[in-house]
Every structure is written in C-alpha cells, then in structure tokens.
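Counting from 622, one number per residue, gives the positions in the sequence shown under the numbering used here. Remarks on the structure that follows.
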Amino acid sequence: MRLLVFDLDGTLLEDDHSLSKETVLMLEKLVEMGFLFTVATGRSLKNSYGYLERLPINLPVILFNGARIYNLAEKRYLFQEVLENNAVAYFLEIFKACTFDVAVFFFIGEDVFSYNPLSAAASYLWRDSLTYISVNDCKFALQKPITKIVISASKDILDNFQLILKQSLDKQVQIVRSEKDIIEILPCGVNKGAALERLCKMYNIDFSEVVAVGDSWNDVEMLKIAGFGIAVGNATEVIKHVAKLSIPKKGFQLVNQLYKLIKEGELR
Numbered sequence: 622m623r624l625l626v627f628d629l630d631g632t633l634l635e636d637d638h639s640l641s642k643e644t645v646l647m648l649e650k651l652v653e654m655g656f657l658f659t660v661a662t663g664r665s666l667k668n669s670y671g672y673l674e675r676l677p678i679n680l681p682v683i684l685f686n687g688a689r690i691y692n693l694a695e696k697r698y699l700f701q702e703v704l705e706n707n708a709v710a711y712f713l714e715i716f717k718a719c720t721f722d723v724a725v726f727f728f729i730g731e732d733v734f735s736y737n738p739l740s741a742a743a744s745y746l747w748r749d750s751l752t753y754i755s756v757n758d759c760k761f762a763l764q765k766p767i768t769k770i771v772i773s774a775s776k777d778i779l780d781n782f783q784l785i786l787k788q789s790l791d792k793q794v795q796i797v798r799s800e801k802d803i804i805e806i807l808p809c810g811v812n813k814g815a816a817l818e819r820l821c822k823m824y825n826i827d828f829s830e831v832v833a834v835g836d837s838w839n840d841v842e843m844l845k846i847a848g849f850g851i852a853v854g855n856a857t858e859v860i861k862h863v864a865k866l867s868i869p870k871k872g873f874q875l876v877n878q879l880y881k882l883i884k885e886g887e888l889r
C-alpha cells in the first residue's frame, strides 16, 4: 500500500469533531514510514483548513465531496467543478414548489449563502463550524458559479425530499446523502471516488496501492475505487458492504488500529 486517504467527519475526527494530538502523531509516523497521506472531505477549504494545516498531508486534498482538488503546498486548486445553471434553475423550481420546511445553503467560492437557516440545520452548522450570509430570495443563485447546494432538515423530511430530487434531477446532478440530516447537490459525475481517480492519475498511483477510509454514503465511490476500503465507526450499511475491512472505531483509536495492522503486516 502506498496512499492513505481519510474522510474527516465520522472518521478521522473524534465524536466532538476535534482532531486529537495523538491522531496527528500517529499519522506522522505513517508518513515517516513512506506513506502518502491525504484527506477527502465534503467540507470546503475554509471549513476544513483548521484541520488540514495540522495534518502531515503530502498530496493535494479532495474537497466538496470531489468538486475540488487543492494543493496545500502550492496554495492553488488543481481541479474545480461547478453546477450547471440549468440544473440550479431546475432545483429552484422544485424547491419553490415544495412544502417541506428545509434550510438551503449555496456554496459559492469560499462563501456560503443560506435561505431559511432554520433550527433543523443547527447540528449541521455546528458540525462544520459553518458561517453564512442570509438571503431572502434564491434567485441570486442563477447568476453565480455554485460548487454545491446543501439541504438540511430532519431525517423524515429529507427522506421525502430526496425522493423528489432523485425523480426530477438525478440525471443532471449528483445527489448525495452525506449525513442523515444533509443532502448535497453536486455537479454531475462529481464524487470522492472520481476525484480520487483523478488524483491518482496526476501522481501515477495505481488504485491497488490505495487505502481509503470512510463511514458514510458520500464515501462509497472512494472505497469502491481503492485497492483496500475500510469502513469505520458507526458506518452505514452500504459502506460496510463495499469495504474489505470494518474497524468499529474513529479518530485516534482508528488510526492506532490501522497503524498496528500495517506494522504487523496484515495490511500490505
């Protein structure tokens, strides 16, 4: 194995979404052993940078669930994708017609604009340390290059809203249920797996040399493409199904267990 790719939330981070010193030290040991290491997250650069700058990352990072690839050392994007205007327009029509009480967040550059940031989005806002600009109308989104749209509400509401979105938009965009209270709308064909494939081609890394570690729906494609996929923590059933190994831990306990497996030669 040559490259280690970790999801952040629910995987590399602890339950309180902190990054422990012990986790960083253990990852530094793995890098010293010769491993390449990077992160694949749904977060933006702005909302992940506090973690990224502490980690021994030696390859570009995957952001926005694959919509961007960023080189930390050179401080520049190597790849960026945005939603097509007609897809955004169609989403706004669906949203206007729906009766569900949901919060909508538009990610434009490094800024976030929110319509109806209701209390149901509180856990999402806390989890991602998200700051946003409130808007009273969504029409502005038609004139902007949008990286992704996030819809947040209770699980029951999102279950129903996701069905509507898939029936109407599935061929125009990538719809991802990244958490039980979050749906993400991304450019068509964008996911962590596609971004990992692009990254591997950039650096001549064979997929068989990749260990990918994740816990949720948005990690599925990444684990599928990797030579060795690991499901962690309270991973969703679909992740466990595509993974070759399950480690029911996260954060430091996860990285420590992975380190032991590598040292003992059980993961090559």
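C-beta: ideal position from N, C-alpha, C; glycine also. Values in this document were obtained by computation on a predicted structure and should not be read as measured data.
query: For N692, the three-state DSSP class (helix, strand or coil); result: strand
query: Local Cβ density within 10 Å of R664, reported as buried at 16 or more and exposed below that; result: buried
query: Selection from I826, K667 and K861 that minimises the alpha carbon distance to G848; result: I826
query: Coil, strand or helix - K801 by DSSP; result: coil
query: Stretch pair the segment 804-822 + the segment 683-691: three plus CB contacts closer than 8 Å; result: yes
query: Pairwise C-alpha distance: S775 and L786; result: 16 Å
query: DSSP beta-bridge partners of R697; result: N692
query: Simplified DSSP state of V645, which is helix, strand or coil; result: helix
query: Residues near I846 in its chain [Cβ-Cβ closer than 8 Å; skip 5 each side]; result: G814, L817, E818, F828, V831 and A833
query: Closest residue to E800 among C821, S789, V771 and K822 (Cα-Cα distance); result: V771
query: Short Cβ contact (8 Å threshold) for Q783 with I803; result: no
query: Outcome for Q795 when other beta-carbon atoms lying within 10 angstroms are tallied against a minimum of 16; result: buried
query: Beta strand (DSSP E) segment containing S867, residue limits; result: L866 to I868
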